[in-house]
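K.L.:
Take any residue in the sequence shown, count from 1 to its spot, add 125: that is its number in the working numbering.
Ideal placement from N, C-alpha and C gives every residue a C-beta, glycine not left out.
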Amino acid sequence: MDIKFLNENMMGPNAWLIAEELTADLSLKKGMRVLDLGCGRGLTSVFLAEKFGVQVFAVDLWTSATENYERFKQAGVSELIVPLQFDALQLPFAKGFFDAVVSVDSYHYFGNNDTYFEKVLKPILKKDAIVAIAFPGMKYEVHGNIPEEMKPLWEADALEMWHSIDWWKPKFETHLTEFKISEMGCFDRAWNDWLSCDNPYAVEDRLMIKTDNGRFMNIIKITGNIF
Ligand SMILES: C[S@@+](CC[C@H](N)C(=O)[O-])C[C@H]1O[C@@H](n2cnc3c(N)ncnc32)[C@H](O)[C@@H]1O
């Protein structure tokens, strides 16, 4: 991992570390077509191309394809990655197109409902395609009983998207074989890397993570294969 590239391009807890843990037991293989959904500045796309030699379709809403293309060239993996700027709600791909989807720290923005996976994402994945998704979550549902000290630190719209394993589980379990959902072990390291960079959003997040002190927030990972 190139530390300068990482520090310039993190948009939250270290996506490279999260992707490493998320994909550790997966059988991603050279030549597979992988959707990196909500790739941001493409750290995870570079990771997937470098580590597995897969062909990555790097889709993001906020980051332009041109900016990501420049980054992929800088990282020396642009031959393996197709940068695209699209809304995850309106993906332009053919049915059954992808061998895998990997999504880090973005699925909770658009997939936090009962229909997204089944109606939008699943149709563009092949049968048996690998699904690997990680996002910020909660150890339990705090909504309706928000700890006083966290009230000024958690923004309402972020809180809307952060849920527990029990809340997420039914959205995936009937669609996946080898279904697994768990808290990720890299929480502290991934957050520390983000909090110690000088991005103003990271500086803002420092008090939140300090006050939480390992009590409420987590990072959840989901893996499985399409039925
Ligand atoms: C916190 S950033 C994380 C980016 C990157 N995955 C990472 O971990 O570095 C959240 C990302 O979700 C993406 N996102 C949010 N809503 C989206 C949507 N409807 N379609 C595609 N991407 C979306 C944003 O563009 C943003 O880059």
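Touching or not, the stretch 155-169 and the stretch 182-191, by the rule of three or more beta carbon pairs under 8 angstroms?
P.N.:
Taking 8 angstroms as the limit for Cβ pairs, the verdict is that the stretch 182-191 does touch the stretch 155-169.
K.L.:
Can you find the residues in the same chain that come closer than 6 angstroms, C-beta to C-beta, to F211, ignoring five residues on each side of it along the sequence?
P.N.:
For the purposes of this step, residue 211 is taken as the residue at position 86 of the sequence shown. Closer than 6 angstroms at the Cβ level, and outside the excluded window around F211, lie V184.
K.L.:
Note down, one range per segment and in chain order, each beta strand (DSSP E) of at least 3 residues found wholly within the stretch 213-253.
P.N.:
Runs found: 223-229.
K.L.:
So, do the stretch 187-207 and the stretch 249-263 have three or more beta carbon pairs nearer to each other than 8 angstroms?
P.N.:
No, they do not touch.
K.L.:
Quick one: complete alpha helix (DSSP H) runs, 4+ long, within the stretch 298-333?
P.N.:
Counting only runs of 4 or more, we get 312-320.
K.L.:
For ligand 1, is there any heavy atom lying closer than 7 angstroms to the beta carbon of C164?
P.N.:
Translated into the one-based positions of the sequence shown, residue 164 becomes position 39. True, at least one ligand heavy atom lies under 7 angstroms from that Cβ.
K.L.:
Could you pull the start and end residues of the alpha helix (DSSP H) that D282 belongs to?
P.N.:
Taking the sequence shown and counting its residues from 1, one reaches residue 282 at position 157. Here the alpha helix (DSSP H) through D282 covers A281 to M286.
K.L.:
Report the rounded CA-to-CA distance for E204 versus K346, giving the unit in angstroms.
P.N.:
Locating residue 204 in the sequence shown gives position 79, counting from the first residue. Locating residue 346 in the sequence shown gives position 221, counting from the first residue. Near 29 angstroms, if we compare the C-alpha coordinates of K346 and E204.
K.L.:
Excluding sequence positions up to five away, which residues of its chain have a Cβ less than 8 angstroms from the Cβ of E175?
P.N.:
Against the sequence shown, residue 175 aligns to sequence position 50. Cβ neighbours of E175 beyond the five flanking positions: A200 and V202.
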